[in-house]
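Visitor: Residue numbers (our numbering): 7 to 243. Glycine included, C-beta positions come from ideal geometry on N, C-alpha and C. One structure is given below, represented as structure tokens, and several questions about it will come after.
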Amino acid sequence: WGVTTSKPGKLYLHIFQAPNDGMLHVPFITATVTHVRLLGTDEQLSWEKQPGDILIRLPARLPDKRDAVIELDYTGHQPDHSADHTQTVSRQYPEIKIPVIQATYHGQAQNKSITSAHYFGDWKHDNCAVNLKDSTDAITFGLNILQPGDYRIILDYACAHASASTEGIVQVADQQLYFRSLETGEYDSHKPLMFIQHAIGLVTIPEKGQYKLSIIPAEDTSHGLFWLRNLIIQPIR
Numbered sequence: 007w008g009v010t011t012s013k014p015g016k017l018y019l020h021i022f023q024a025p026n027d028g029m030l031h032v033p034f035i036t037a038t039v040t041h042v043r044l045l046g047t048d049e050q051l052s053w054e055k056q057p058g059d060i061l062i063r064l065p066a067r068l069p070d071k072r073d074a075v076i077e078l079d080y081t082g083h084q085p086d087h088s089a090d091h092t093q094t095v096s097r098q099y100p101e102i103k104i105p106v107i108q109a110t111y112h113g114q115a116q117n118k119s120i121t122s123a124h125y126f127g128d129w130k131h132d133n134c135a136v137n138l139k140d141s142t143d144a145i146t147f148g149l150n151i152l153q154p155g156d157y158r159i160i161l162d163y164a165c166a167h168a169s170a171s172t173e174g175i176v177q178v179a180d181q182q183l184y185f186r187s188l189e190t191g192e193y194d195s196h197k198p199l200m201f202i203q204h205a206i207g208l209v210t211i212p213e214k215g216q217y218k219l220s221i222i223p224a225e226d227t228s229h230g231l232f233w234l235r236n237l238i239i240q241p242i243r
């Protein structure tokens with residue numbers, strides 16, 4: 007739904023996209039929450055404590071749909087979880103986009119900043135997972151899935167001709183989705199880097215909880231599987 011900023015005793019929840027049901031799930035809250043309000047107002051919001059997180063009921067209308075801010079007061083120690091890359095997945099959003107910088111890397115796989123230009127002086131820097139060359143190379147995303155159901159898995163990547171049609175596997179919840187990478191074009195730092203959002207298939211999550219989603223090559227390739235920018239998860243309704 008957005009990002010948080012903080013200072014001692016306070017968290018500021020910046021809501022870029024409100025959940026459909028109006029219930030804001032905030033993970034990793036272990037301190038004692040005392041007040042929850044819209045920033046700059048005295049309007050108190052109702053909230054419910056759950057193990058390790060809280061649920062906040064948002065007002066029917068937010069003051070700013072682009073960045074409404076909730077001020078949360080707490081006492082006690084609230085650990086810094088900014089290094090925890092577990093992504094919450096909720097069916098209350100049309101899609102969840104997870105950048106590869108939040109993944110765990112195995113084998114030769116690594117994160118690399120790829121620079122390209124849309125036009126002169128307009129430089130773009132995309133973090134991509136590269137060097138996925140054999141079955142020992144993988145990237146893994148930690149997922150905290152709040153509701154069971156069917157989800158569409160989409161990979162957002164760039165793929166040069168040499169890597170096109172390489173077979174890969176998406177693994178999650180004891181399910182495997184096989185795919186072949188699709189060519190998007192050759193890389194030239196002075197031209198736009200073209201990406202495709204490749205819908206790999208559907209997975210069924212049997213129950214809420216913690217899952218690992220891994221992406222690995224199904225065959226050896228000296229050129230790598232692709233340059234992956236984002237994992238996208240879409241709830242199927």
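Measure the alpha-carbon distance for Ser141 versus Ile222 and round it to whole angstroms.
Guide: 6 angstroms
Visitor: Near His41, which residues of its chain fall below 6 angstroms by C-beta distance, leaving aside the five closest residues on each side in sequence?
Guide: Asp79
Visitor: For Tyr184, collect the residues of the same chain with a Cβ closer than 7 angstroms to its Cβ; drop the 5 residues on either side in sequence, then sort them by chain order.
Guide: These residues qualify, in order along the chain: Glu173, Ile175 and Ala224.
Visitor: Starting from the C-beta of Val75, find all residues in its chain whose C-beta is less than 6 angstroms away, skip the five residues before and the five after it, and write them out in chain order.
Guide: Tyr18, His20 and Leu45
Visitor: Does Ser122 come out as helix, strand or coil in the three-state DSSP assignment?
Guide: strand
Visitor: Jot down the residue ranges of each uninterrupted beta strand (DSSP E) in the region 132-191, minimum 3 residues, whole runs only, in chain order.
Guide: For the region 132-191, whole beta strand (DSSP E) runs of length 3 or above, ordered along the chain, are 144-151, 155-164, 173-178 and 181-186.
Visitor: How would you call Trp129, buried or exposed, if buried means at least 16 neighbouring beta carbons within 10 angstroms?
Guide: exposed
Visitor: To the nearest angstrom, report how far apart Asn26 and Arg72 are at their CA atoms.
Guide: 15 angstroms
Visitor: Using the Cβ count rule (16 or more neighbours within 10 Å means buried), how would you classify Ala196?
Guide: The residue asked about is misnamed: residue 196 is His in this sequence, not Ala. When all chains shown are included, His196 counts as exposed.
Visitor: Mind checking whether Tyr217 and Ala179 have CB atoms under 7 angstroms apart?
Guide: In this structure, Tyr217 places its C-beta atom within 7 angstroms of the C-beta atom of Ala179.
Visitor: Among Ile145, Val136 and Thr38, which residue has its Cα nearest to the Cα of Gln177?
Guide: Ile145
Visitor: Hey, is the region 88-102 in contact with the region 114-132, meaning 3+ C-beta pairs nearer than 8 angstroms?
Guide: no
Visitor: Please report the distance separating the alpha-carbon of Gln181 from that of Gly155.
Guide: Going by the C-alpha atoms only, they are around 14 angstroms apart.
Visitor: For Met200, report the span of its beta strand (DSSP E) as first-last.
Guide: Per DSSP, Met200 belongs to no beta strand (DSSP E) and is neither H nor E.
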